[in-house]
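First up is the structure itself, then whatever we jot down about it.
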Amino acid sequence: MTVDPAGLPGSHAILIGVSTYQDRHLPDIPAAANSLRQLEAVLTDPRLCGWPADQVTVLADPSDSRAVAVRIRRLAQDTTGVLLLYYVGHGAITPGGELCLTVADTDAEAPDLTGVEYARVRAAFHDSPAQVKAAILDCCYSGRAIETLAGEADVVADHTDIRGVYTLTASDLAAHVPPPGEQSHACTSFTGELVDLIRTGIPGQGDPLTLGGLYLDLRRRLRARELPAPNQRGTDTAHGFAFTRNAASGRTGPPSAHGRLPLPPRRSVPPVVEYHQRAPDNAAAAGKYESWIGAGLVTGGLGAAFGVFESVQFWRSIVPGSPESENTLATAIWTFASVIMIGCGAAMLAYGAAWRPAAPAGFRPAYRSRLAGGAAALAGGALIAVIIAGALIVGLQTGGLDQYSFHFTHLLVPMWLIGMSANGWNGLAEYVRGLPRLIVDAKGVTAVTIRSGWITIPWSGVRDVDLSLVGSSLSLVVRLSGGPPSPESREAQLWNADLQALVLNGFDPLRGRHDRILTAFRHHMP
Numbered sequence: 049m050t051v052d053p054a055g056l057p058g059s060h061a062i063l064i065g066v067s068t069y070q071d072r073h074l075p076d077i078p079a080a081a082n083s084l085r086q087l088e089a090v091l092t093d094p095r096l097c098g099w100p101a102d103q104v105t106v107l108a109d110p111s112d113s114r115a116v117a118v119r120i121r122r123l124a125q126d127t128t129g130v131l132l133l134y135y136v137g138h139g140a141i142t143p144g145g146e147l148c149l150t151v152a153d154t155d156a157e158a159p160d161l162t163g164v165e166y167a168r169v170r171a172a173f174h175d176s177p178a179q180v181k182a183a184i185l186d187c188c189y190s191g192r193a194i195e196t197l198a199g200e201a202d203v204v205a206d207h208t209d210i211r212g213v214y215t216l217t218a219s220d221l222a223a224h225v226p227p228p229g230e231q232s233h234a235c236t237s238f239t240g241e242l243v244d245l246i247r248t249g250i251p252g253q254g255d256p257l258t259l260g261g262l263y264l265d266l267r268r269r270l271r272a273r274e275l276p277a278p279n280q281r282g283t284d285t286a287h288g289f290a291f292t293r294n295a296a297s298g299r300t301g302p303p304s305a306h307g308r309l310p311l312p313p314r315r316s317v318p319p320v321v322e323y324h325q326r327a328p329d330n331a332a333a334a335g336k337y338e339s340w341i342g343a344g345l346v347t348g349g350l351g352a353a354f355g356v357f358e359s360v361q362f363w364r365s366i367v368p369g370s371p372e373s374e375n376t377l378a379t380a381i382w383t384f385a386s387v388i389m390i391g392c393g394a395a396m397l398a399y400g401a402a403w404r405p406a407a408p409a410g411f412r413p414a415y416r417s418r419l420a421g422g423a424a425a426l427a428g429g430a431l432i433a434v435i436i437a438g439a440l441i442v443g444l445q446t447g448g449l450d451q452y453s454f455h456f457t458h459l460l461v462p463m464w465l466i467g468m469s470a471n472g473w474n475g476l477a478e479y480v481r482g483l484p485r486l487i488v489d490a491k492g493v494t495a496v497t498i499r500s501g502w503i504t505i506p507w508s509g510v511r512d513v514d515l516s517l518v519g520s521s522l523s524l525v526v527r528l529s530g531g532p533p534s535p536e537s538r539e540a541q542l543w544n545a546d547l548q549a550l551v552l553n554g555f556d557p558l559r560g561r562h563d564r565i566l567t568a569f570r571h572h573m574p
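Every position in the sequence shown, counted from 1, becomes a number in the working numbering once 48 is added.
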């Protein structure tokens with residue numbers, strides 16, 4: 049569902065801009081004042097966003113952080129429709145690692161005590177009865193707000209207790225402002241591009257435009273200027289919130305239409321997505337590390353044989369009156385050493401057999417924890433197995449099978465053995481598969497995830513591509529040059545009407561390689 053703020057009396061927008069500071073360690077930002085005025089202008093423009101002026105509160109250069117926090121909370125509590133917060137100014141990080149929004153009298157050395165900690169904004173959003181809650185933050189470190197406002201990055205949106213939150217941030221680190229000599233008449237880079245995008249619209253896209261739909265073009269514009277890339281997080285209705293009329297559509301008036309956004313007319317376009325049963329040529333794996341595979345098999349095999357032998361010696365040494373009783377500790381130590389060999393052998397085998405992209409710009413998760421954890425779990429299962437094997441062999445040799453095997457053939461032991469071994473194999477299998485996989489080359493983008501087969505999207509059909517948060521999942525977002533696919537095509541199943549793009553989910557394991565992937569996109573995309 050999308051929401052029209054102009055049609056909901058309970059909607060309210062809070063615009064905060066701080067351009068002058070009392071602390072000399074926080075330089076003034078004249079561009080922030082321009083950004084505040086320009087965003088207010090497009091927000092209240094009846095031809096664009098269409099917010100009534102009495103539903104917009106503007107706080108220019110506020111100087112009392114407590115009063116600002118109280119004002120935000122009270123307005124949030126009174127908002128039942130759309131709650132929109134915009135902030136432009138200096139962002140700071142508290143000693144606890146939390147984002148803090150500075151005000152005019154913030155002390156740079158104590159931002160948590162003299163600024164507005166984002167935890168206060170978070171609480172206000174939590175308690176607000178608003179149907180849609182959105183925050184646009186144009187400050188340094190604003191990316192920190194995504195996790196504090198919309199929940200931890202790895203928690204599924206449906207499991208959070210925040211409904212209808214959308215966060216658009218200027219940068220995870222340092223935001224960009226024009227040189228001091230240009231700030232008197234310019235906006236900050238992020239807000240300047242956002243305002244220009246609202247005023248010019250996006251040709252070929254739906255009308256009205258959602259916040260999520262604006263994000264892709266905003267990110268493309270900033271990246272083209274080699275400026276810090278923005279970030280977003282959207283859940284529930286907020287991601288599809290009808291934020292502005294698409295000025296490029298030639299229509300005027302504020303966003304209307306309650307309910308879902310109308311989809312643009314479907315056009316029959318040539319298929320741009322290729323599906324493969326197996327990895328295509330451009331996604332071929334590099335040669336296996338056969339030496340590691342061989343070494344792993346030998347190490348694991350020797351460890352298993354040595355472990356059973358030492359386990360037999362251990363059980364013989366604990367027999368009362370046995371001449372080998374003095375060797376009990378030594379045999380126990382060697383038994384442990386043997387299962388470590390088994391774990392190392394399994395890790396070496398998995399490392400040698402793992403999928404590696406032959407393409408220079410090929411990506412897979414590191415999954416080092418899967419490799420180490422899988423080997424350790426497998427070694428734990430192997431320890432129980434060699435102990436049981438040793439007990440059975442000694443029992444058969446001495447005719448006292450029950451004496452040696454009673455405690456180790458209890459039902460819980462084999463279950464534990466099976467469970468540990470299965471967990472170990474599963475971890476190693478995840479490492480070997482290395483899903484999701486992503487290849488970026490001159491042909492296009494090729495990917496496979498746990499839930500999908502191989503998919504190739506040639507550059508000829510791509511207008512823009514990004515690896516971005518959709519809800520709480522890192523997703524491959526591809527905007528097509530030919531518009532939406534026909535409803536009969538397989539691509540229609542991947543189509544996101546709010547983003548007007550193909551969305552392929554399941555790339556969270558590649559979060560750590562995000563910057564390298566974006567560099568590959570810029571390098572290979574025509």
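Beta carbons: idealized from backbone N, C-alpha and C, even for Gly.
For Ile503, the enclosing beta strand (DSSP E) begins and ends at Trp502 to Pro506. Non-local beta-carbon contacts of Val434 in its own chain, meaning distances under 6 Å to residues more than five positions away in sequence, involve Gly355, Val356 and Ser359 in chain order.
By the neighbour-count criterion, in which 16 or more other beta carbons inside 10 Å mark a residue as buried, Tyr69 falls on the buried side. By the C-beta criterion, the stretch 97–106 is judged not to be in contact with the stretch 144–151, since fewer than 3 inter-stretch pairs fall below 8 Å. If the five residues before and after Cys235 are omitted, its C-beta is found closer than 7 Å to the C-beta atoms of Ala79, Asn82, Ser83, Gln86 and Val243, all from its own chain and listed in chain order. A residue is called buried once 16 or more other Cβ atoms fall within 10 Å of its Cβ, and Glu165 is buried on that count.
The beta carbon of Asp112 lies closer than 8 Å to those of Val151 and Asp153 in the same chain, with the five residues before and after it left out.
Between the alpha carbons of Leu74 and Lys336 lies a gap of roughly 55 Å. Counting only runs that start and end inside the stretch 317–394, the alpha helix (DSSP H) elements of at least 4 residues fall at 338–365.
For Tyr415, the three-state secondary structure derived from DSSP is coil. Secondary structure at Val169: helix, using DSSP grouped into helix, strand and coil. The beta-bridge partner set that DSSP reports for Lys181 consists of Leu131 and Val213. Following the DSSP letters along the chain, one finds Phe291 inside the beta strand (DSSP E) bounded by residues Ala290 to Thr292.
If you check the CB distance, Leu476 and Leu558 do not come in under 9 Å. Look at Leu547 here: in three-state DSSP terms it is coil, with no helix or strand label. If you look at Leu486, you'll find it in the beta strand (DSSP E) that goes Arg485 to Val488. The three-state reading of DSSP puts Ala61 in strand, counting E and B together. Apart from sequence neighbours up to five positions away, no residue of its chain approaches Ile381 with a beta-carbon distance below 6 Å.
Rounded to whole angstroms, the Cβ separation of Ala332 and Trp502 is 11 Å, and the two are not in contact under 8 Å. Met396 sits away from Ile432, with the two beta carbons spaced by 9 Å or more. Checking the DSSP bridge columns, you'll see Cys148 partnered with Ala140 and Glu165. The Cβ neighbour count for Leu440, taken over all protein chains shown within 10 Å, is at least 16; the residue is labelled buried.
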